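Novice: Here the sequence shown is numbered in the numbering used here, starting from 17 and rising by one per residue.
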Amino acid sequence: MLTRAETAMVKAEAGLKPALGGLVAAANRYVGWFHELDAWTQYWDIYHPETHGRYHFGNGTTEAGLLRRFVRHEQRPPAFNAWVRMALNLDGRHRFVEEARVPEVAAAVLEVDRLVSRLFRAYWGDASDPRVQEDYVNAMLCFGCDMLPPATERAARFADQDPRQEGAGRYTMEFDLAWFSCALHIEAVHAIYGVDEDHARRSLMLAGLAVGCSADYVWRGRRPSRQEYSRDFHTAYLLRNMGMEWAANFAAAAAEVHALFRIREWGRED
């Protein structure tokens, strides 16, 4: 028979799992989404070799890759530097908008956005639907907390000596700077298009990044986060509710991502 403390712990865990989308059916849907995104980007050589790494950093020979034009790799492109300075409140937004609208950068940003938009519609549907918003925020909470089922099939495709094998075995963010690289991309599209017919989807995805990054830093302890966050049900519930609010407010979602970046860089928000 369980003790009172053990019973309380079981109840707490039982309450946490639904809040984090822990049901098997939901988890499998979430895995499908993250697997497909990774298949076109990080693991293109296995799942989409026909792209030659176009939606990542290229193949090292014939394809340079779209991300090189606006995301950090060997060096920081101007758009990346402008986003960093904007997020750190060192520059205004105008410089980032200018860099995002440079023709070759804008072309790369929008081509990646078209891919993500197509995949999102296939897996989630209408981003303006509150049920879709709640489901997506839960997925990002799971992803940030590293609570999704293991990617066993994917990991098996890599040799033991391949440095990607460990990361391939989990559905979570492998490098924490990637949260902000994804945010940069969404904000770059917004700098180019403003509010268009796909704005709800971008707002939701940006909100999901704010939720997932916070969960990553708290549950996995990778970086400092807000002092009021703890590794508990209360924080999970709080992040979920704030994620729903951010999903309807692009500016607020962006401001939260920027605040998290300042905490990452400085250990404090300001």
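Ideal placement from N, C-alpha and C gives every residue a C-beta, glycine not left out. All values derive from a computational prediction rather than experimental measurement.
I'd like the list of long-range same chain contacts for residue 278, defined as Cβ closer than 8 angstroms, with 5 residues on each side in sequence excluded.
Specialist: Closer than 8 angstroms at Cβ, skipping near neighbours: 103, 104, 105, 284, 285 and 286.
Novice: With DSSP collapsed to three states, give me the class of residue 183.
Specialist: Helix at residue 183.
Novice: First and last residue of the alpha helix (DSSP H) that includes residue 93?
Specialist: Run containing residue 93: none; DSSP gives neither H nor E here.
Novice: Using beta-carbon positions only, say whether residue 128 and residue 71 come within less than 8 angstroms of one another.
Specialist: Yes, the Cβ-Cβ distance between residue 128 and residue 71 is below 8 angstroms.
Novice: Please report the straight-line C-alpha distance between residue 87 and residue 51, rounded to a whole angstrom.
Specialist: Looking at the two C-alpha atoms, the distance is approximately 21 angstroms.
Novice: Could you have a look at residue 37 and say whether DSSP puts it in helix, strand or coil?
Specialist: Summary for residue 37: the model assigns pLDDT 41, below 50, so the residue's position carries little reliability, and this model does not support an answer.
Novice: Check whether the Cβ atoms of residue 46 and residue 164 lie closer than 8 angstroms to each other.
Specialist: Yes. Within cutoff.
Novice: Here's the rule: buried if 16 or more other CB atoms are within 10 angstroms of the residue's CB, otherwise exposed. What is residue 217?
Specialist: Buried, since its Cβ has 16 or more Cβ neighbours within 10 Å.
Novice: At what residue ranges does the stretch 139 to 206 contain a whole run of the alpha helix (DSSP H), taking only runs of 4 or more?
Specialist: Here the runs fully enclosed are 146 to 161, 168 to 171 and 181 to 184.
Novice: Span of the alpha helix (DSSP H) holding residue 257?
Specialist: Segment 249 to 263, the alpha helix (DSSP H) holding residue 257.
Novice: Among 149, 136, 170 and 205, which one has its Cα closest to the Cα of residue 60?
Specialist: When each option's Cα is compared against that of residue 60, the closest is 170.
Novice: What does the alpha-carbon distance come out to for the pair residue 144 and residue 67?
Specialist: The alpha-carbon atoms of residue 144 and residue 67 are separated by roughly 31 angstroms.
Novice: Please report the distance separating the alpha-carbon of residue 225 from that of residue 96.
Specialist: About 17 angstroms.
Novice: Got a sec, what are the start and stop residues for the alpha helix (DSSP H) residue 277 sits in?
Specialist: Residues 266 to 282.
Novice: Shortest alpha-carbon distance to residue 55 belongs to which of 142, 116 and 167?
Specialist: Residue 167 is the option with its Cα nearest to residue 55.
Novice: Could you check whether residue 157 and residue 53 sit closer than 8 angstroms to each other, using their CB atoms as the reference points?
Specialist: It is not a contact, given that the beta carbons lie outside the stated cut-off.
Novice: Rank 249, 253, 228 and 236 by C-alpha distance to the C-alpha of residue 272 and give the top, closest one.
Specialist: Here the closest residue by C-alpha is 228.
Novice: Would a C-beta distance cut-off of 8 angstroms place residue 160 and residue 270 closer than the cut-off?
Specialist: No, these two residues do not count as a Cβ contact at 8 angstroms.
Novice: Could you tell me the distance, in whole angstroms, from the CA atom of residue 16 to the CA atom of residue 124?
Specialist: Because the chain here runs from 17 to 286, residue 16 falls outside it and cannot be looked at.
Novice: To the nearest angstrom, how far is the alpha carbon of residue 151 from that of residue 43?
Specialist: Residue 151 and residue 43: Cα-Cα distance of roughly 10 angstroms.
Novice: Return the chain-ordered list of same chain residues with a C-beta closer than 6 angstroms to the C-beta of residue 98, the five sequence neighbours on each side being excluded.
Specialist: Within the same chain, residue 98 has close Cβ partners 111, 112 and 115.
Novice: In the stretch 44 to 104, which residue ranges form an unbroken alpha helix (DSSP H) of at least 4 residues, counting only runs that do not cross its ends?
Specialist: Within the stretch 44 to 104, the complete alpha helix (DSSP H) runs of at least 4 residues are 60 to 63 and 94 to 103.
Novice: Nearest-angstrom Cα distance between residue 211 and residue 176?
Specialist: Distance between the alpha carbons of residue 211 and residue 176 is about 46 angstroms.
Novice: Taking C-beta to C-beta, are residue 233 and residue 241 nearer than 8 angstroms?
Specialist: Yes, these two residues count as a Cβ contact at 8 angstroms.
Novice: Could you tell me the distance, in whole angstroms, from the CA atom of residue 247 to the CA atom of residue 77?
Specialist: The alpha-carbon atoms of residue 247 and residue 77 are separated by roughly 44 angstroms.
Novice: If you run the structure through DSSP and keep just helix, strand and coil, what is residue 118?
Specialist: It is coil, neither helix nor strand.
Novice: Could you spell out the range, first to last residue, of the alpha helix (DSSP H) harbouring residue 233?
Specialist: Note, residue 233: alpha helix (DSSP H), 215 to 235.
Novice: Between which residues of its own chain and residue 207 is the CB-CB distance below 7 angstroms, once the five residues before and five after are set aside?
Specialist: Within the same chain, residue 207 has close Cβ partners 112, 113, 116 and 117.
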